[in-house]
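Engineer:
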Amino acid sequence: MSHQYSALISKHQCSLCRGAELHLNAYGATTYQWSGPGSFNSTSQLVVIPNVQTSDAGTYTVVGSNPGGCTASSSLSVAISSNHAPQLNFSGTQTFANHLVIPQAGEPSDRFRFQVTYSDADGELPASGYPRLMLDFEGNQSYLDANDQVLIMHEVNINDQNVSDGKDYYYEIIGLEPSIYYTTTIVADDSSGCETTLGSLTEPQVRRGVDLTIFANDITFSNTNPNPGSTLSVTAKVHNYTGSSAQNFTVHLKNQFSPGTIYPDQVIPYLGPYQDILITWNITTPANPAWCPMQVFVDYTNAIAEPNELDNQAIRPFQNGHYTLPGDIYLTASPVSDSGAACTSTTIVGSAYYRNTAITLPDSSCAGATVSCTIVETGMIATGYTNSHGDYSITFETVGGPGLYHVNVSVTDYTLDGDSTTQFTLVYCPLGSGGGNSGQINDPDIGGYCYTIRDLAPHQLHLQGSLQQENTVPAGDSLLGGVQITNFGCDSVTRPSIVHIVLPDGNPVPGPFVVPPLAPGEGFFIDLGYMVFPYPGNTYISITCDYTDSIQENSEFNNTIIANILVLPPIPDIDPIGSNVTGDSSKLKCELPELSYQINNEGPVSTGSFNSRLRIYRNGVLESTQIKNISNILPQGTTDLTYTLSLVDTGLYTFSIDCDFQNTISEISELNNNKTDTIHILPCKADLTILSCGGIFVQPADPNPGDTMRVSTNIYNAGQTTAYGPFVVAFSVNGIHYSTTVSDSIQTYTQK
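Set out below in structure tokens:
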């Protein structure tokens, strides 16, 4: 049995330049068998052929099969231009050897230089507006978001016009918005329309300022219980978690038991981005037994302005000699939710404080201590650390059936200890009571459990206006919005919650809204109303449910949804995006009676009437000019424009169309009104061929020796012009050649 899929080949390129990559993708089957030019074959679903040449042109066929024995096939004709695709490479200098930008990490005030080397085997310079630097702020493969940038790069050496051996291009930026998710891509077209891409690379990382950090667990001792008056090494690890270097900062050590004891400050000349450094003091411990909290201050003199100064000091004690240690660590513990879902996770949170210690500490928070949680019924253990405020949050898998579980929690700084207990209940849900992102929910009778507790999340955010494209609006116009808030958990949300809206460039700002209690799987639709956007540019809307954190949820990371909004100036934008020769390297003269273009209006208002001019160049010399009028293109609409051609001769032809060349229309961009195609126009010729291998006739079919026989054939003209006689047709019979002259002409697509 054979089943023909509607589109077995789903993604492809059918016309490429030399040196480019050919991508072929099939779908809908279980196994795939590809065949193609030059004995090509593959069994992959996705085929990538790098550095294609003209020999790779031809028909590629894939046969898909499934385990039931059904098969389907599909073919694609691939043309390879004789023109080479341009190449983009790293500049090759030491700083740009494997990167597109220096520095790779920095802060917004830094100067970021992007650089790339462009080369073209045909010696063609980049097309106008290329190479382009494309910066993706979120790293989401979209370049339409608010902080994304598409920039035209500059020549390093304007006098270097030879791109065969490479030519460098650059762009420098000061004031990049902070993001650790940037990706950088360079795109270039040559003057023949061949394209290449380098990237995307996950660089640069842009962070604000320097943030030096130390926690108690970063302080270690060569001996946690040394003898009085002995030598002890105190080591502290200092972190720089930002993309900027820290220079000439001071680290100070203080013993809270003996604050008058002076230890030499250590000046750190340099700590690079995202680096750590170990600092060691060799001290003599006090002469008397004691509890010695050692406090380390980073950037003690405040030489560096930091966004967070609260994590620049930490305390960790050691026990000096045989000292009866007073005090302990007071520990609190409680689950995030008293009732959790079986076969998922539970989080225990709490705080740790020093109390009744021998030394009164200026800050009693027990930072950097080790916390252990043990589930009594299962024996499962999970550990973590307190933060700079003494708080902790430890999550572990709750493997087990429904019921009450007890947790023993302990904390230690390796001199003082503390403990606490808490408990939680595991429940399961019946089939179908969960929500869209809660995982599979099975019938409890067969041992399955729900995977989440309460989980509020906004989704199905829609913003629609007068344009066909969602999230796009003309300046001064409005979008009508709506969003769904759903409880994707297994437990009911028993109290109302608040939804907060951030709309920096629109008005009015909707909300805040009150969401009523929601049962498992229940949703609540919020009508955001009409929002007006007066200013052109990129903006966004942010919607956060449970804004006051009044609901204990399985996940707090899906409470916000953000949609990017494009506000277009209230003017048109004319863009010729393609023609019937785009991508072709050559055409026969008689195959091109007309030239057709698709003209788009990317703007939010109609264009009105404008003229478009087509200029035709042969071997670089203007051959003819045609002007046509387009009466109107609707907002974000399209129209077709056709020019009748009467080409003088063959040769290298350039077709250049300029829409609104008289500049009668004010547009969003005046840089995209031109489209240029360059192709070789070849002469049309006759093409004589024998129709088939069975096209030779012999009479009689079985002659006797010495008899006369007649040999004949049908000749077909598959070319584009008439085959004019006379011409000779030769027959070979048993090695003896016979010829005859054909005086008549054979018209195209006929036989004689």
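Going by our numbering, the first residue of the sequence shown is number 6, and it counts up by one from there. We treat Cβ as the ideally placed atom computed from N, Cα and C, and that holds for glycine.
Who are Cys664's beta bridge partners in DSSP?
Structural biologist: Ser617
Engineer: Suppose contacts are defined by Cβ-Cβ distances below 8 Å. Is Asn605 in contact with Thr647 by that definition?
Structural biologist: In this structure, Thr647 does not lie closer than 8 Å to Asn605 by Cβ.
Engineer: Flag this pair as yes or no: are the beta carbons of Thr427 and Pro322 separated by less than 8 Å?
Structural biologist: No. Outside cutoff.
Engineer: Let's test the definition: count the other Cβ atoms within 10 Å of the Cβ of Val414 and tell me whether it reaches 16, buried, or not, exposed.
Structural biologist: buried
Engineer: Just curious, the beta strand (DSSP E) that Gly389 is in, first and last residue?
Structural biologist: Ile386 to Tyr390
Engineer: Would the beta-carbon of Gly724 fall within 8 Å of that of Lys680?
Structural biologist: No, Cβ-Cβ distance for Gly724 and Lys680 is not below 8 Å.
Engineer: Taking only the alpha-carbon atoms, compute the straight-line gap between His505 and Ser591 and give it to the nearest angstrom.
Structural biologist: 59 Å
Engineer: Assuming Gly608 contacts Asp578 (C-beta within less than 8 Å), just tell me the rounded distance between them.
Structural biologist: Sure, about 4 Å apart at Cβ, within 8 Å.
Engineer: In three-state DSSP terms, what is Gln445?
Structural biologist: Note on Gln445: pLDDT 31, under 50, position unreliable in the model; the coordinate value appears next. Looking at Gln445 - three-state DSSP - the assignment turns out to be coil, as it is neither helix nor strand.
Engineer: Classify Gly43 as helix, strand or coil using the three-state DSSP reduction.
Structural biologist: When DSSP states are grouped into helix, strand and coil, Gly43 belongs to the helix group.
Engineer: Tyr419 to Gly97, Cα distance in whole Å?
Structural biologist: The straight-line gap from Cα to Cα measures roughly 52 Å.
Engineer: Between which two residues does the beta strand (DSSP E) containing Phe562 stretch?
Structural biologist: According to the DSSP assignment, Phe562 belongs to no beta strand (DSSP E), since it is labelled neither H nor E.
Engineer: By how many angstroms is the C-alpha of Leu51 removed from the C-alpha of Tyr3?
Structural biologist: As shown, the chain starts at 6 and ends at 757. That puts residue 3 outside it, with no answer to give.
Engineer: Measuring from the CB of Gly711, is there a heavy atom of the ligand MN at a distance below 7 Å?
Structural biologist: With respect to small molecules bound, the structure shown includes none, and the ligand MN cannot be examined in it.
Engineer: State yes or no: is the C-beta of Val215 within less than 8 Å of the C-beta of Val256?
Structural biologist: The answer is no: Cβ separation not under 8 Å.
Engineer: Looking at the strands, I want to know which residues DSSP matches up with Tyr545.
Structural biologist: Asn569
Engineer: Counting C-beta neighbours from all protein chains within 10 Å, is the total for Asn145 16 or more, i.e. buried, or is it exposed?
Structural biologist: exposed
Engineer: How would you write the range of the beta strand (DSSP E) that Cys297 sits in, first residue to last?
Structural biologist: Ala295 to Val303
Engineer: How about Tyr390 and Gly373: are their beta carbons less than 8 Å apart?
Structural biologist: Taking 8 Å as the Cβ cut-off, Tyr390 and Gly373 qualify as a contacting pair.
Engineer: Check whether the Cβ atoms of Gly33 and Gly69 sit closer than 8 Å, and answer yes or no.
Structural biologist: Against a cut-off of 8 Å, the Cβ pair of Gly69 and Gly33 comes out as a contact.
Engineer: Helix, strand or coil: which one does DSSP assign to Glu182?
Structural biologist: coil
Engineer: Between Glu182 and the rest of its own chain, which residues show a CB-CB distance below 8 Å, the 5 nearest in sequence each way excluded?
Structural biologist: Pro113, Phe142, Asn152 and Val211
Engineer: Nearest-angstrom Cα distance between Cys781 and Leu237?
Structural biologist: Any property of residue 781 remains undetermined from this structure, which presents the chain solely from 6 to 757.
Engineer: Can you tell me where the beta strand (DSSP E) holding His257 begins and where it ends?
Structural biologist: Phe254 to Asn260
Engineer: Under three-state DSSP, which class holds Tyr456?
Structural biologist: Note that Tyr456 scores a pLDDT of 40, beneath 50, so its modelled location is shaky; the value from the coordinates is reported in the next line. Three-state result, Tyr456: coil.
Engineer: Since I believe Thr218 is in contact with Thr188 (beta carbons under 8 Å), could you give me their beta-carbon distance rounded to a whole number of angstroms?
Structural biologist: In fact, because the Cβ distance is near 27 Å, the residues do not count as touching under 8 Å.
Engineer: On the DSSP bridge assignment, give the partners of Ser325 in chain order.
Structural biologist: In the sequence as presented, Ser is not what sits at residue 325; that position holds Asn. The partner list for Asn325 (beta bridge, DSSP) reads Ala295.
Engineer: Let me know if Lys594 comes out buried or exposed under the rule of 16 or more other beta-carbons within 10 Å of its beta-carbon.
Structural biologist: buried
Engineer: Taking the beta carbon of Asp654 as the centre, do at least 16 other beta carbons fall within 10 Å, making it buried, or is it exposed?
Structural biologist: exposed
Engineer: If distances are taken between C-alpha atoms only, which option among Ile490, Cys199 and Asn739 comes closest to Gly24?
Structural biologist: Cys199
Engineer: Should the region 72-89 be called in touch with the region 150-167, which here means at least 3 C-beta pairs below 8 Å?
Structural biologist: Contact check between the region 72-89 and the region 150-167: fewer than three CB pairs, one atom from each, fall below 8 Å, which does not count as touching.
Engineer: Touching or not, the region 459-472 and the region 627-637, by the rule of three or more beta carbon pairs under 8 Å?
Structural biologist: no
Engineer: I'd like the span of the beta strand (DSSP E) that includes Glu200, first residue to last.
Structural biologist: Glu200 to Leu206 is the span of the beta strand (DSSP E), which, as asked, contains Glu200.
Engineer: Go ahead and label Val239 buried or exposed: buried means 16 or more other beta carbons lie within 10 angstroms of its beta carbon, across all protein chains shown.
Structural biologist: buried
Engineer: Roughly how far, in whole angstroms, is the beta-carbon of Asp333 from the beta-carbon of Arg360, given that I think they are within contact range, below 8 Å?
Structural biologist: 6 Å
Engineer: If I'm right that Ala319 touches Asp223 with Cβ under 8 Å, what's the distance once you round it to whole angstroms?
Structural biologist: Right, their Cβ atoms sit about 6 Å apart.
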